[in-house]
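A.B. asks:
Residue numbers (the numbering used here), protein chains in the order written: chain A, 10 to 470; chain B, 729 to 1145.
Structure (structure tokens):
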């Protein structure tokens, strides 16, 4: 079957206007937010139903053509980069919230629903969808499932996998399987295995999202420190004291410069790092917990500790944190945001190493971190036109992740492996571990139709 | 040491290795000879699933019960699979930490066994189930090869979630040797509010109210029928048909504050017969609520739970019923002393399950599972779990790849090989 024949068949399934095949239309789908590797797809299709997705997969399968499902394309690791000669299945038009059941604390949504769209729909209900990646205004829930996305508040509430009750999925042979939403002791926990599989096991066409009751009250503070070391010591000590805040975020001076320029947060210029700490729960006892947190910070000589006094002040703090990466454009024409994770006690060590690595490779690195989870996001500033700088930044990136592995951590906490980190999988996992993963992949997708070349390298057994 | 009864298993011999390489060697050799291997933890769930028939080797994990690494300041712990939940929590308590899930018979139930059976208890309302805490695993596959998944950090998107794949796998994808868990700070205080209910409608009204309560309960249990043995609570008054038990944990101020708030909220809804329990007695009641093994389990939508509970209470008047009401889980206990389950003779246990109870669960969007059939009753997988699900072929395909020789707990998986 020729490519022309494939496209003709896809048009027959979806109607011509839902299939893009002109080179000028395809070029914008050649990568996601990881721009180093690009492939122009054979076609981009816009299904509107599960049956459409299944039929597209069947047609592509018959043609021997790999497919990749794509939401908003905000992925940072190349998970949505089209496989060579592949078809992109855009799920952005499957964007309806189908049902909300507050009594069952569950919502049924299509994969193209934006994370924030669900949260907004729940406004005033007393419930929310807990995963809150910084991209929540643009990223889709299907994408959140694919990468097992996190966010600041996952420290207390858990990542996407903890908030999925069930999935409807399309397998590589086009069959449709529903898992959940009611827990089924007869079945393996397949829905949660699909979470974080980056589109390599199945295409998710419906999600039963668990809803979380809003906390009764919260307290949000911002504390400044004279060094990133002091700030990260404070983080480790708060966790070690057995306090699990709702969120515990770190920003260093470098990123604060960008944030100040963009939002005028008002952090004193002498502060080298700031922690944003939020605790929540029942009103009773919250103030004494806050006092404990502040006392632990005081062990590390904070410059100032300010509490958000109004919802607007809290909003500003969170806006600054969530828009921080976007503000990096004020510092540099380009950047790479890394995603590594270490045991929480190793945070001071990993930040020291990041400073050394930056100096060694002559790359400027600024830092944000979901510090309470041990999840660091060093941002390496670069200019893609400067090949030498870009190469140094990539070398520095790799060294940071190798340091995370050496600390007993992992190469990604929430962004995924995609293409970017595929080489590092062999450093993190033993061959037998990768073989075990490969078995899972073969069971779901024996023909290798779904997003090949991502997550880990193909294994010949 | 507790003696583990394995009389139901067709064992030619039982071995108890002391380390992972020994487990790997054992399974590797069993693979070559096609001999079944039956992993055994605390022996609390050996009645669950079809009873194995092929003679084989019992693989006891009783000597693999060490704490391997407890970096307390990271709030994680790595242990061998044969450690019991009670031992794990005793160890964690020395650092004011715990694994905040519960499972029946925690003194015997091992962490490996809890993972592969996905055993749970009342605390799942606030704290979820074992899979929510399982960060990493090591296991031996059907070839005798060790593999690992996940890691020792609390957030990890590298690789597939092999730890989650182990949850509920009944030992068919590998003999688990090690597990790493995220742990939580141990709350210092707990309290319970008990409410006797004149009707199931009132139960539903109070459960709905929890959706916008100013409290954050840890457990929400609905009890009906006769009490399980050793009930530490006073008997229900004649006028009550069921009873709600809501528990809180946290600081002294939190649990006292929430207990008071809940009583106020419920009194405003016409609840009377409210009892608050604080202090050491809470633990007694809590253990009673979490420790007993059940005979049958229903998983239904939470919104349908009360209706299902009412029907089952009428059908099985002699069986104690307990629901993790916020999670849609109903547990049906064996009558004590043993009496026929039905008041009238309506045929066999299998018939009761297939034709009476399972349709009720299915109509409520859920499932009925036989956790332990009465002595002498042999059930088929369809009788235990219901008809094969659409994902059954996928499960078999996974199982075949991890254990091509079919030697790991053969015949146990619901719709397996």
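Ideal Cβ positions, reconstructed from N, Cα and C, are used throughout, including at glycine.
Residue 84 (chain A) and residue 42 (chain A) look like a contact to me (Cβ under 8 Å); what is the Cβ gap, rounded to whole Å?
C.D. replies: Indeed they touch by this definition, with Cβ atoms about 6 Å apart.
A.B. asks: Taking residue 378 (chain A) and residue 385 (chain A) to be in contact with their CB atoms under 8 Å, please state how far apart those CB atoms are, rounded to whole angstroms.
C.D. replies: Confirmed, Cβ separation roughly 5 Å.
A.B. asks: Is the region 150-165 of chain A in contact with the region 253-272 of chain A, if contact means three or more CB pairs nearer than 8 Å?
C.D. replies: Judged by Cβ distances under 8 Å, the region 150-165 of chain A makes contact with the region 253-272 of chain A, as three or more pairs qualify.
A.B. asks: At 7 Å on the CB atoms, spell out the chain A contacts of residue 1118 (chain B), in chain order.
C.D. replies: Within 7 Å Cβ-Cβ: 186 and 187.
A.B. asks: Whose C-alpha, out of B:976, B:952 and B:979, is nearest the C-alpha of residue 968 (chain B)?
C.D. replies: When each option's Cα is compared against that of residue 968 (chain B), the closest is B:952.
A.B. asks: Could you tell me the alpha carbon to alpha carbon distance between residue 145 (chain A) and residue 422 (chain A), rounded to whole angstroms?
C.D. replies: Cα to Cα, the separation comes out at about 17 Å.
A.B. asks: Quick check on residue 909 (chain B): does DSSP put it in helix, strand or coil?
C.D. replies: Of the three classes helix, strand and coil, the one that applies to residue 909 (chain B) here is strand, per DSSP.
A.B. asks: Can you tell me whether residue 303 (chain A) is helix, strand or coil according to DSSP?
C.D. replies: Helix at residue 303 (chain A).
A.B. asks: Taking only the alpha-carbon atoms, compute the straight-line gap between residue 729 (chain B) and residue 806 (chain B) and give it to the nearest angstrom.
C.D. replies: Caution is warranted here: a pLDDT of 42 is assigned to residue 729 (chain B), below 50, making its placement in the model unreliable, and the coordinate value is therefore given only provisionally. When rounded, the distance between both Cα atoms is 23 Å.
A.B. asks: Under 7 Å Cβ to Cβ from residue 245 (chain A), same chain only, skipping five residues before and after it: list those, please.
C.D. replies: If we look at residue 245 (chain A) and ignore the five residues flanking it on each side, its Cβ neighbours are 353, 354, 356 and 357.
A.B. asks: Consult DSSP for residue 115 (chain A) and reduce its assignment to one of helix, strand or coil.
C.D. replies: In this structure, residue 115 (chain A) counts as strand in the three-state DSSP scheme.
A.B. asks: For residue 849 (chain B), which option in B:1126, B:1116 and B:1057 has the closest C-alpha, if you only look at C-alpha atoms?
C.D. replies: Comparing Cα positions, the closest option is B:1057.
A.B. asks: Less than 8 Å between the C-beta atoms of residue 27 (chain A) and residue 208 (chain A), yes or no?
C.D. replies: No, the pair does not count as a contact, with Cβ atoms beyond the cut-off.
A.B. asks: CB-CB under 7 Å to residue 913 (chain B), same chain, minus the five flanking residues each way: which ones, in chain order?
C.D. replies: The answer, listed in chain order, is 824 and 825.
A.B. asks: Rounded to whole angstroms, what's the CA-CA distance from residue 1061 (chain B) to residue 1053 (chain B)? Just pull it up for me.
C.D. replies: Their Cα atoms are separated by approximately 16 Å.
A.B. asks: Under the rule that 16 or more other beta-carbon atoms within 10 Å means buried, what is residue 468 (chain A), buried or exposed?
C.D. replies: The residue is exposed, with fewer than 16 neighbouring Cβ atoms inside 10 Å.
A.B. asks: Applying a beta-carbon distance threshold of less than 7 Å, which residues of chain B neighbour residue 451 (chain A)?
C.D. replies: 1129, listed in chain order.
A.B. asks: Quick check on this structure: which residue in B:840, B:975 and B:907 has the alpha carbon closest to the alpha carbon of residue 896 (chain B)?
C.D. replies: Residue 896 (chain B) has its Cα closest to that of B:840, out of B:840, B:975 and B:907.
A.B. asks: With DSSP as the reference, please indicate the residues paired to residue 796 (chain B) in a beta bridge.
C.D. replies: Note: residue 796 (chain B) sits in no beta bridge, so no partner.
A.B. asks: Quick one: what does DSSP say residue 328 (chain A) is sitting in, helix, strand or coil?
C.D. replies: Residue state, collapsed to three classes: helix.
A.B. asks: Is the Cβ of residue 193 (chain A) closer than 8 Å to any Cβ of chain C?
C.D. replies: You won't find chain C in this structure, because its protein chains are A and B.
A.B. asks: Between residue 1112 (chain B) and residue 778 (chain B), what straight-line distance do the alpha-carbon atoms span, to the nearest angstrom?
C.D. replies: Taking the straight line joining both Cα atoms gives about 8 Å.
A.B. asks: According to DSSP, which residues form a beta bridge with residue 970 (chain B)?
C.D. replies: Answer by DSSP bridge pairing, in chain order: B:925 and B:952.
A.B. asks: Got a sec: which bits of the region 870-888 of chain B sit with their beta carbon under 7 Å from any beta carbon on chain A, in order along the chain?
C.D. replies: Within the region 870-888 of chain B, the qualifying residues are 873, 874, 875, 876, 877, 879, 880, 881, 882, 883, 884, 885, 886, 887 and 888.
A.B. asks: Find the nearest neighbour of residue 1069 (chain B) within the set B:929, B:1088, B:1093 and B:1102, judged by alpha-carbon distance.
C.D. replies: Here the closest residue by C-alpha is B:1102.
A.B. asks: Could you name the residues of chain B that residue 201 (chain A) contacts, counting a contact when the two beta carbons are closer than 9 Å?
C.D. replies: Going along chain B in sequence order, the residues near residue 201 (chain A) (Cβ under 9 Å) are 859, 889, 892, 893 and 895.
A.B. asks: If the cut is a Cβ gap below 8 Å, which residues of chain B does residue 32 (chain A) touch?
C.D. replies: Simply none; closest approach about 33 Å.
A.B. asks: Helix, strand or coil for residue 475 (chain A) per DSSP?
C.D. replies: Within the shown structure, residues of chain A are numbered from 10 to 470, placing residue 475 (chain A) beyond reach of any answer.
A.B. asks: Counting only the same chain and skipping the five closest in sequence on each side, list residues whose C-beta sits under 7 Å from that of residue 344 (chain A).
C.D. replies: Taken in chain order, the residues that qualify are 337, 388, 389, 390 and 391.
A.B. asks: Quick check on the burial criterion: 16 or more other C-beta atoms within 10 angstroms. Buried or exposed for residue 1091 (chain B)?
C.D. replies: Exposed, since its Cβ has fewer than 16 Cβ neighbours within 10 Å.
A.B. asks: Would you mind listing the beta strand (DSSP E) stretches within the region 370-425 of chain A that are 3+ residues and don't spill past its ends, in chain order?
C.D. replies: Listed in chain order, they are 374-379 and 384-391.
A.B. asks: Could you tell me whether any Cβ in chain B is nearer than 8 Å to the Cβ of residue 113 (chain A)?
C.D. replies: It does; some Cβ of chain B falls within 8 Å.
A.B. asks: Nearest by alpha-carbon distance to residue 131 (chain A): which of A:281, A:109 and A:142 is it?
C.D. replies: Measuring from the Cα of residue 131 (chain A), the nearest candidate turns out to be A:109.
A.B. asks: Quick one: grab the DSSP three-state call for residue 815 (chain B).
C.D. replies: Helix, per DSSP.
A.B. asks: Can you name the residues of chain B whose CB is closer than 9 Å to the CB of residue 357 (chain A)?
C.D. replies: Near residue 357 (chain A) there are no residues of chain B at all, since even the closest Cβ is about 12 Å away, more than 9 Å.
A.B. asks: Which ranges would you report for the alpha helix (DSSP H) in the region 206-266 of chain A if only whole runs of at least 4 residues count?
C.D. replies: The region 206-266 of chain A contains these whole alpha helix (DSSP H) runs: 237-249.
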